[in-house]
Structures are given as C-alpha cells and as structure tokens.
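Protein sequence lines, in the order shown, are assigned to chains S and G. 5 is the number of the first residue of the first sequence in our numbering; add one for each residue after it. 22 is the number of the first residue of the second sequence in our numbering; add one for each residue after it. In what follows, a single structure is set out as structure tokens and then discussed.
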Amino acid sequence: MTDILSLEAFVKQVRRDILRMVHKVNSGHPGGSLGCAEFLVALYSEIMEHNPEFNMNGEKEDLFFLSNGHISPVFYSVLARSGYFNINELNTFRLINSRLQGHPTTHEGLPGIRVASGSLGQGLSVAIGAALSKKINNDSKTVFVLMGDGELQEGQNWEALMFASAKGVDNLIATIDLNGKQIDGSTDDVLNLGSLKSKFESFGWKTLELEEGNNIELIISKINEAKSHLGNGVPIAILMKTEMGNGVDFMMHTHAWHGKAPNDDQLEIALAQNLETLGDY
Amino acid sequence: MKKYIDTGANDTRSGFGAGLTELGRTNPNVVALCADLIGSLKMNQFIKENPKRFFQVGIAEANMMGIAAGLTIGGKIPFTGTFANFSTGRVYDQIRQSIAYSGKNVKICASHAGVTLGEDGATHQILEDIGLMKMLPGMTVINTCDFNQTKAATLAIADHIGPVYLRFGRPKVPNFTPEKNSFKIGKGILLNEGSDVTIIATGHLVWESLKAAEGLFKKGISAEVINIHTIKPLDEEIIINSVSKTKAVVTAEEHNIYGGLGESVSRTLSVNLPSPQEFVGTNDTFGESGTPSQLMEKYGLSSKNIITKVEKVLKRK
Numbered sequence: 005m006t007d008i009l010s011l012e013a014f015v016k017q018v019r020r021d022i023l024r025m026v027h028k029v030n031s032g033h034p035g036g037s038l039g040c041a042e043f044l045v046a047l048y049s050e051i052m053e054h055n056p057e058f059n060m061n062g063e064k065e066d067l068f069f070l071s072n073g074h075i076s077p078v079f080y081s082v083l084a085r086s087g088y089f090n091i092n093e094l095n096t097f098r099l100i101n102s103r104l105q106g107h108p109t110t111h112e113g114l115p116g117i118r119v120a121s122g123s124l125g126q127g128l129s130v131a132i133g134a135a136l137s138k139k140i141n142n143d144s145k146t147v148f149v150l151m152g153d154g155e156l157q158e159g160q161n162w163e164a165l166m167f168a169s170a171k172g173v174d175n176l177i178a179t180i181d182l183n184g185k186q187i188d189g190s191t192d193d194v195l196n197l198g199s200l201k202s203k204f205e206s207f208g209w210k211t212l213e214l215e216e217g218n219n220i221e222l223i224i225s226k227i228n229e230a231k232s233h234l235g236n237g238v239p240i241a242i243l244m245k246t247e248m249g250n251g252v253d254f255m256m257h258t259h260a261w262h263g264k265a266p267n268d269d270q271l272e273i274a275l276a277q278n279l280e281t282l283g284d285y
Numbered sequence: 022m023k024k025y026i027d028t029g030a031n032d033t034r035s036g037f038g039a040g041l042t043e044l045g046r047t048n049p050n051v052v053a054l055c056a057d058l059i060g061s062l063k064m065n066q067f068i069k070e071n072p073k074r075f076f077q078v079g080i081a082e083a084n085m086m087g088i089a090a091g092l093t094i095g096g097k098i099p100f101t102g103t104f105a106n107f108s109t110g111r112v113y114d115q116i117r118q119s120i121a122y123s124g125k126n127v128k129i130c131a132s133h134a135g136v137t138l139g140e141d142g143a144t145h146q147i148l149e150d151i152g153l154m155k156m157l158p159g160m161t162v163i164n165t166c167d168f169n170q171t172k173a174a175t176l177a178i179a180d181h182i183g184p185v186y187l188r189f190g191r192p193k194v195p196n197f198t199p200e201k202n203s204f205k206i207g208k209g210i211l212l213n214e215g216s217d218v219t220i221i222a223t224g225h226l227v228w229e230s231l232k233a234a235e236g237l238f239k240k241g242i243s244a245e246v247i248n249i250h251t252i253k254p255l256d257e258e259i260i261i262n263s264v265s266k267t268k269a270v271v272t273a274e275e276h277n278i279y280g281g282l283g284e285s286v287s288r289t290l291s292v293n294l295p296s297p298q299e300f301v302g303t304n305d306t307f308g309e310s311g312t313p314s315q316l317m318e319k320y321g322l323s324s325k326n327i328i329t330k331v332e333k334v335l336k337r338k
C-alpha cells in the first residue's frame, strides 16, 4: 500500500486544484468536490486496477462512474494526476472549447469519462449496466459508482436499487456521499431521506457505513471490507459520511459553497491551509 | 402504376421480434432489455434462445435506459423494448444524457406507436415521439411500414454505430415490401414513379399512400410515392429530385404534424426548393379509444384524406 502520508499529500494537491479551478472561472462546485477528495484519491491511487491509457470498454479493469457530476473538479483533478490527461488541461475547466465541461461528458472525448452525468439520479443505472456487461464478458473486475445523498431524492435510483438486488448484481460497489447538504439547505430540511441504512437494507443491499469519510485510511479499509463481500449475490453499498468543503475551514459546516467559487482573498486563505505538495498545474 | 401485393397481413412488432431473434443467432454482442412487455414486443424467442443476454427490468423504464447505456461499455449492443410512449416521453432525460449526449450504441425499439395502438386510448398512443427523438443530436430515427421492413431495419441498426430510435406498431398491416430487401439507413425508397405530385410517407401511412396513388391514377393524377423510413438523417436527395419534377408534395404520417416527418420535409424544401406542401397527420391533438381502423379514419390517416390533400396541393401549384 502507498503510505498514508503520500496519499494525504495527493489529497492536499487535489484540494488546491479544485479551489484554483473554480476560482479561475468563478463558477463550479467546490463544496462537494472537497468532501470527496479523499474518496477519489483512495479509489484511483489505492483501490482500483485501472488503465490511464483510456479505453471506453474498460475490459479487465475496474470502472468508476460519477453520478453526482457537479463535483467534476475533484474528478478531473484526480484523473489528470492519475495520468489520464495532462494536468495543465485543468486550466481549461469550464472554458469554451474545453474537454473539461462544467459537468463530465464523453462528448468531448476526455479520457477517463465513460458517461455524461449532471442531471442527477442516472449514474447507478449506468453502473449496473456496465457491471452486467462485465458479467457477460466473464470479466471479474469491479464497478464503482459514487452518488450524492441529495440525488437519492430522484426516483430512478430506487428503480436501480431494486433491480440490482433482484438480479444479483454483486460486482458493484455503490458509495453514497452523505454530506447532508444540498442546494436549498440540509437534506433533512429539503426532503428528509430517513434512514438510508434501513432503506438500502430493505432493498436487499449489503450496506456498510463509514462515519469518517474524510479519513483516507478508513476509506481504504472500508472499501476493502466492501470488496470482501463481492460475488455473494448481493450488491454492496457504502454510506459514507463526509464533510462538504473539507480541508478549508470556512467552507466546512455549511452548504454555502455547494455551487459558489471563492474570491481572490478567500482563495488565498484556502490555499494557505493546503500547501502545494505535488506541484500546481 | 406499379402494383404492390399484400403477401399477408402481419404486425410490424413481429418483424422486430423476428429480426431480434435472428440477431440473437448471428451477433453475440446483441443483448435485449424489456420493461414488462415481452409478449407485446415479440421478444419471447430471443429470450428463449439467449436467456443470459436478456434483462427483464420490470416497470422501470428510466432504469432500463441507464442500464442499456452502461451495457454498451464492454461492447454490448443493447436493444430496449417497450411501448413508444414509455420509450421516449417517459424517459427523455435518461435518453438525452446517458445515451444521446454520451454517444452510446443503444437501440431504442418502440412498439405500439400512434393511434393504431387502439382501445387503450391516448395515455398510450404517443403522437409526439418522432419529434422528441429527432431533436436529440446524433439520434437516428426510423419508422417502418410493414413486417419485412421492420425485420430488415432491426438487423440493419445492429450494424450501425450510434443511438437509434426504431418506431413500429401494434396492428396487423399489409406486408408488401420485398422479403430480401436490404435496409439502408437514411435512404428513401421510390415506390411509385409519378409526375404530378410527390407523396412522402412513413410507417403505416405508406400503404395508405399507395392506395391513394391508385385512386389518384384513376382520376388521371400521376402520384410519385416515396417511403421515408429514416426520418433522421433524412434522404434529402430523393425528396428534392422528386419535388423538382412534380412541384408539389403531400407528407403522410401517424404522428402530430408538429414535429414529424412533414416538418422535416418542409425544412428541406424551404432551404432547397420551396414548394407547396400539405400535411396528413394528427393536428395537435391527443388520440382516443377505438379500433385502429376507426381511429385512422377519424384522424384523417387514410388514403381518402391523402387524396383530398393531393387535390388541395395541386391547386396551389
């Protein structure tokens, strides 16, 4: 295993990328991106067997789908720093003629992206399809998907949850980013999700919980625990509690930074809390 | 007047079923999904022969479209099957984002399109689906006219890379196109040569157009009949060539005149060859319960109404 210190250094650099990307274009979604930096770094650096020489079909490699596409900054940063494309391209985020669209898309041919996402609630279905494709191909690798908690308000997810257990899609690990926040406020206030653990379990999923979803060591061990349940005839979920805006003190404990970029002064403060580790793009 | 023989009425959905069965035997990458309408879509034989390549998703069309998109990753060619209404309007955003925008090789196969679905009524009789689907960038839109053509189209779309909407129907209709015809996506078919007017038809209205041409022939009017099975990409060449000769056009489709084949033909002609045009189609209305033939008659989707529109357009030449 890569040592934890170097993974944490990777996370710090990803945070800088996220902050600088959204600051430059004064748009984008830093809050959720920062909340999932440890998870994406864990997946791409430690968990997944994947090939940055990108091939859409992704045979004989683990696949990742991002359902809550608005956290594209963290996805782009991790992909670039995992070798999918040059980190300098992060400079083009949300600019015209860029492959780094506001929400991820295959349309511009950005390596690492296998489906467009942004309109919420669709990623789990697509991940299930990719998992079924692997089963037909006798490909024993795993499909991962990350979903937001707010997007569970979309009904399609519950169609997909029902399907995956009914049909024994057991080569799939779905992680739910439980940051408890969405655009209009807390998920409790907007539309209370109730007990997700009991909901997922009653839908037939092996449901694991991770209380500290910003602790990369615990993330890795939880995903490894999830992997130990693969192939048992049931799909696997990780309910992962995260802190939106994690790593930047004034962006934490609020939903204010869901879709808002820092100004010049705020960027300076935020970057001072996350010093350069791998080199800025 | 070229004569077309009905070799025995059959439903276009059975043409789809026959095509899918053949694909099951010839193309190992073809997989199928259905949302609780196996019998209606005639998918039974494919499922019997390829149980591991079939996915019953239940009454959950949104999930079906997403799963289909995902299945393409790994090289599968998914064919989804449900009614036209549930294949389009119900799942428009899933198709838009996960399939069309993502450029996924999914074949959306839609039965029971239009009023000829019959007694179930307007909740199930979509007349807007061609418009919805042709507006999606990169989507190929096909509406077949009989059993043979539907079977041929089903085989052809498996070889086409990219998302396709294949529209067909429920009732038994005359089967008159050649059994062995190869299906060329985007190529119209000249069914009858004529000099006074061009009738451009798709789907169930093709047979009505041939009947209309016979009736017009008896009245001394020479009608050219073109079958446009692929509404997008549209065969502009065959349309322009014909209308530059006849100088008048009537379009016929089992679809709202807003957004259908007729409007695509209009756009082509207004840019290239402005010409008088009349429209046979439903006129911004929902359908209702009734038998298919009663509904075709009531909504003007008939050879009789095509003749009326031809006579009208000829006065505008």
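Beta carbons are placed, not taken as given, at the ideal position from N, Cα and C, and that holds for glycine.
Whole-Å CB distance - residue i paired with residue j, under 8 Å assumed
| i | j | result |
| --- | --- | --- |
| residue 233/S | residue 190/S | Not really, about 31 Å apart at Cβ, beyond 8 Å. |
| residue 143/S | residue 237/S | Not quite, the Cβ-Cβ distance comes to about 18 Å (not below 8 Å), so this is no contact. |
| residue 152/G | residue 236/G | Incorrect: roughly 29 Å between the Cβ atoms, too far for contact. |
| residue 220/S | residue 46/S | 5 Å |
| residue 163/G | residue 187/G | 5 Å |
| residue 296/G | residue 268/G | 6 Å |
| residue 131/S | residue 147/S | 5 Å |
| residue 274/S | residue 23/S | 5 Å |
| residue 155/G | residue 26/G | Not confirmed; about 32 Å, so no contact. |
| residue 37/G | residue 175/G | 5 Å |
| residue 42/S | residue 177/S | Not a contact, Cβ separation roughly 16 Å. |
| residue 58/S | residue 115/S | 4 Å |
| residue 111/S | residue 77/S | At roughly 18 Å, the Cβ-Cβ gap does not stay under 8 Å, so residue 111/S and residue 77/S are not in contact. |
Close Cβ partners of residue i (< 8 Å) along its chain, the five nearest in sequence each way excluded
| i | result |
| --- | --- |
| residue 271/G | 218, 219, 220, 221, 298, 299, 300, 301, 327, 330, 331 and 334 |
| residue 338/G | 268, 269 and 297 |
Cutoff 6 Å; reference residue i; Cβ partners in own chain excluding five residues on either side
| i | result |
| --- | --- |
| residue 67/G | 41, 42, 45 and 53 |
| residue 212/G | 246 and 248 |
| residue 281/S | 13, 16 and 17 |
| residue 242/G | 217 |
| residue 210/G | 248 |
| residue 28/G | 196 |
| residue 8/S | 221 |
| residue 273/G | 222, 226, 230, 301 and 327 |
7 Å Cβ shell around residue i - same chain, five flanking residues per side excluded
| i | result |
| --- | --- |
| residue 77/G | 55 |
| residue 146/G | 135, 136, 138 and 308 |
| residue 287/G | 298 |
| residue 87/G | 115 and 119 |
Span separating the alpha-carbon of residue i from that of residue j
| i | j | result |
| --- | --- | --- |
| residue 268/S | residue 27/S | 8 Å |
| residue 291/S | residue 157/S | Outside the shown range of chain S (5 to 285) lies residue 291/S, about which nothing can therefore be said. |
| residue 272/S | residue 265/S | 12 Å |
| residue 196/G | residue 190/G | 13 Å |
| residue 306/G | residue 71/G | 41 Å |
| residue 149/S | residue 228/G | 49 Å |
| residue 75/S | residue 35/S | 8 Å |
| residue 213/S | residue 244/S | 6 Å |
| residue 173/G | residue 33/G | 11 Å |
| residue 208/G | residue 208/S | 49 Å |
| residue 210/S | residue 113/G | 31 Å |
| residue 284/S | residue 21/S | 7 Å |
| residue 185/S | residue 86/S | 29 Å |
Under 7 Å, CB to CB, which of the residues in the segment 83-105 of chain G have a partner in chain S?
83, 84, 87, 88, 89, 90, 91, 92, 94, 95, 96 and 97
The segment 175-187 of chain S in contact with the segment 242-251 of chain S per 3-pair CB rule at 8 Å:
yes
Please list, in chain order, the residues of the segment 39-64 of chain S that have any C-beta partner in chain G closer than 8 Å.
60, 61, 62 and 63
Touch check for the segment 103-113 of chain G and the segment 263-280 of chain G: three-plus C-beta pairs under 8 Å?
no
Going along the segment 63-80 of chain G in order, which residues come within less than 8 Å of chain S, judged by CB to CB distance?
73, 74, 76, 78 and 79
Is the segment 168-175 of chain G touching the segment 195-214 of chain G, taking contact as three or more C-beta pairs under 8 Å?
yes
Validate contact between the segment 131-146 of chain G and the segment 310-319 of chain G using beta carbons, cut 8 Å, 3 pairs:
yes
Closer than 8 Å is the cut-off here; do at least three beta carbon pairs connect the segment 12-32 of chain S with the segment 55-63 of chain S?
no
Do the segment 220-230 of chain S and the segment 195-203 of chain S make contact, defined as three or more Cβ pairs closer than 8 Å?
no
Members of the segment 115-127 of chain G that neighbour chain S once the beta carbon cut-off is set at 7 Å
115, 118, 119, 122, 123 and 124
Evaluate contact between the segment 125-132 of chain S and the segment 65-79 of chain S, counting only Cβ atoms and requiring at least three cross-stretch pairs below 8 Å.
yes
Given 8 Å as the limit, is there contact between the segment 174-182 of chain G and the segment 118-130 of chain G, that is, 3 or more CB pairs closer than that?
yes
Cβ-based contacts, 8 Å cut-off: residues of the segment 110-124 of chain S near chain G
110, 111, 118, 119, 120, 121, 122 and 123
When Cβ atoms are compared, which residues of the segment 122-148 of chain S fall closer than 9 Å to chain G?
122, 123, 125, 126, 127, 128, 129, 130, 131, 132, 133, 134, 135, 136, 137, 138, 139, 140, 141, 143 and 147
Is it true that the segment 84-100 of chain G meets the segment 86-99 of chain S, where meeting means three or more beta-carbon pairs spaced less than 8 Å apart?
no
Which residues, in order along the segment 151-167 of chain S, keep a beta-carbon less than 8 Å from a beta-carbon of chain G?
159, 160, 163, 164, 166 and 167
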